[in-house]
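J.: So that we are looking at the same thing, I have put the structure below in structure tokens.
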Amino acid sequence: MSTKKVRIHLELGEENSLEVVKLTTIRLLSDDITYFFPTNLQNLKHHKDLFDTSSTVKMASKALTKVGQYRNITITLNPEIVTLYLDEDCNFVFKNCYLEELVENSTLINTPVSLEATDKTKVDLIRLIDKLSNKLETKVNRGLDISQIQSQFVLNKFQGKENARQWMSNFENECERHEIVIDEAKIQILRLFLEHNAIEWYSSTLCKLTMHGAWSEWQNNSFLETYGDKSWRTVYLAYTYKYINGSFLDYALKKERMLLETEPSMSDQSRINHIVVGLPLDIQDRLDKETINTTEQLMNQLRRYTSIFPRFKKRQGRFLSVTNETDIRLNESRNQKSIEKRPCSNCEARGYPGRFHPVEICR
Numbered sequence: 609m610s611t612k613k614v615r616i617h618l619e620l621g622e623e624n625s626l627e628v629v630k631l632t633t634i635r636l637l638s639d640d641i642t643y644f645f646p647t648n649l650q651n652l653k654h655h656k657d658l659f660d661t662s663s664t665v666k667m668a669s670k671a672l673t674k675v676g677q678y679r680n681i682t683i684t685l686n687p688e689i690v691t692l693y694l695d696e697d698c699n700f701v702f703k704n705c706y707l708e709e710l711v712e713n714s715t716l717i718n719t720p721v722s723l724e725a726t727d728k729t730k731v732d733l734i735r736l737i738d739k740l741s742n743k744l745e746t747k748v749n750r751g752l753d754i755s756q757i758q759s760q761f762v763l764n765k766f767q768g769k770e771n772a773r774q775w776m777s778n779f780e781n782e783c784e785r786h787e788i789v790i791d792e793a794k795i796q797i798l799r800l801f802l803e804h805n806a807i808e809w810y811s812s813t814l815c816k817l818t819m820h821g822a823w824s825e826w827q828n829n830s831f832l833e834t835y836g837d838k839s840w841r842t843v844y845l846a847y848t849y850k851y852i853n854g855s856f857l858d859y860a861l862k863k864e865r866m867l868l869e870t871e872p873s874m875s876d877q878s879r880i881n882h883i884v885v886g887l888p889l890d891i892q893d894r895l896d897k898e899t900i901n902t903t904e905q906l907m908n909q910l911r912r913y914t915s916i917f918p919r920f921k922k923r924q925g926r927f928l929s930v931t932n933e934t935d936i937r938l939n940e941s942r943n944q945k946s947i948e949k950r951p952c953s954n955c956e957a958r959g960y961p962g963r964f965h966p967v968e969i970c971r
């Protein structure tokens, strides 16, 4: 078979979140009929022989730097390459797949527009619609790379103890960020972020609602119905949580998280107030209320006192408990234990050292 001159369309697109050069259409230079490649055969990696033998294709590919850019170029196919794209009757066929013809009466979305079109504005508009349509079709029809999605999601696994409503809201936000809109895809991905008894819930729900069930049924009528917290316990814990020991910063971060899970719309000032009232009085007195306007400023102040915490702990016992009354009871208990651990003086005087019991009951 002799050489053939063809007109091809190269375009920089996206595939699995990566930029790739695609060969979308091809036609004989002597013919006005254009043929397009199926979506799964457009990636230039499927046309390695063409890329390696044509310097024009290489240069045109390097010129594409932004998604959506394209080049229409004319190249000459040598006899070896011609057999990859044309059969003996000059029908366009690639990898045993006969290419579909683009006819003039196609819809706007499917109509190819050549660079020779006279109305440039119309050309750009149709190409934009075509690109968006192809991108949407690719996202909907391509297989989900589950392992890749699992690594890209910024989401902790649900173990059945977290705030179910807040966790599900975070899951929805991640799906929206990765443009995952199909119900079946969300149901598949949900399985990757469940642990412990939540996996058992997923298995039983899968039997009842199936993989093709509506996402709203999975989300509201099953997940939130099973794990949604309908008591006041979380609210009580969030508002009454106080500092006991350890790092002041760790306490403040955990307190803020609990408050936000209970009341996401809580103002900064309210969060600051709730965090501060749970701190020891000595630390509260050291915090300047007028200069702390955000939780970040409060965290910064608490980091300073974390380093001097051991010194305060030795000097004052109140850091180990919530109230002074509790500290008094702890001190009395410690004194009582220290008295009980002293050896009996009567037994020591009679030559029996190491006996521990109150002197009052010594025989």
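Residue 708 in the working numbering is what sits at position 100 of the sequence shown, and the numbering runs on without skipping anything.
All C-beta atoms in this analysis are idealised placements derived from N, C-alpha and C, irrespective of residue type, glycine included.
If I'm right that Phe644 touches Thr661 with Cβ under 8 Å, what's the distance once you round it to whole angstroms?
T.: Incorrect: roughly 22 Å between the Cβ atoms, too far for contact.
J.: Hey, which unbroken runs of the beta strand (DSSP E) at 3 residues or more fall wholly within the segment 826-872?
T.: Within the segment 826-872, no complete beta strand (DSSP E) run reaches 3 residues.
J.: If you run the structure through DSSP and keep just helix, strand and coil, what is Ile616?
T.: Residue state, collapsed to three classes: strand.
J.: So if DSSP puts Glu1008 in a beta bridge, which residue, or which two residues, is it bridged to?
T.: The structure shown does not extend to residue 1008, since the chain is modelled only from 609 to 971, so the question has no answer here.
J.: Would you call the segment 868-875 and the segment 848-860 in contact, with 3 or more CB pairs under 8 Å?
T.: No, they do not touch.
J.: Since I believe Thr664 is in contact with Lys613 (beta carbons under 8 Å), could you give me their beta-carbon distance rounded to a whole number of angstroms?
T.: 12 Å between Cβ atoms; not a contact.
J.: Return the CA-CA distance between Glu803 and Lys863, expressed in angstroms with no decimal places.
T.: C-alpha separation (whole angstroms): 25 Å.
J.: With 16 other CB atoms within 10 Å as the buried threshold, where does Pro888 fall?
T.: With 16 or more Cβ atoms within 10 Å of its Cβ, Pro888 is classed as buried.
J.: If you pair each beta-carbon of the segment 699-706 with each one of the segment 640-659, do three or more pairs fall below 8 Å?
T.: Yes, the segment 699-706 touches the segment 640-659.
J.: Suppose the cutoff is 6 Å on Cβ atoms and the five residues either side in sequence are ignored; what does the same chain contact list for Met667 look like?
T.: Cβ within range, chain order: n/a, list empty.
J.: With a cut-off of 8 Å on the beta carbons, I'd call Ser824 and Thr813 a contact; round off their distance for me.
T.: In fact, because the Cβ distance is near 13 Å, the residues do not count as touching under 8 Å.
J.: Is the beta carbon of Ile616 closer than 8 Å to that of Ile681?
T.: Contact flag set, yes.
J.: Which residue wins for smallest C-alpha separation from Leu710, given the options Gly768, Thr818, Asp639 and Phe761?
T.: Of the candidates Gly768, Thr818, Asp639 and Phe761, the one whose C-alpha sits nearest the C-alpha of Leu710 is Asp639.
J.: Since Asn680 sits in a beta bridge, which residues does DSSP pair it with?
T.: Asn680 pairs with His617.
J.: Nearest CA to the CA of Ser625: which residue from Leu618, Arg773, Gly768 and Ile788?
T.: Looking at the Cα atoms, Ile788 is the closest of the given residues.
J.: One question on the structure: do Val675 and Glu627 come within less than 8 Å of each other, judged by their Cβ atoms?
T.: Yes, Cβ-Cβ distance for Val675 and Glu627 is below 8 Å.
J.: So for Ile641, helix, strand or coil by DSSP?
T.: Note: Ile641 maps to coil in three-state DSSP.
J.: Report the rounded CA-to-CA distance for Pro966 versus Gln909, giving the unit in angstroms.
T.: Their backbone Cα atoms lie some 49 Å apart in a straight line.
J.: Can you give me the start and stop residues for the alpha helix (DSSP H) that Leu692 sits inside?
T.: Element bounds for Leu692: Pro687 to Tyr693.
J.: Please name the residue in Phe779, His786 and Gln905 whose C-alpha comes closest to that of Gln756.
T.: Nearest C-alpha to Gln756: His786.
J.: Just to confirm the assignment, what range does the beta strand (DSSP E) spanning Glu787 have?
T.: Glu787 -> no beta strand (DSSP E), and no H or E assigned at all.
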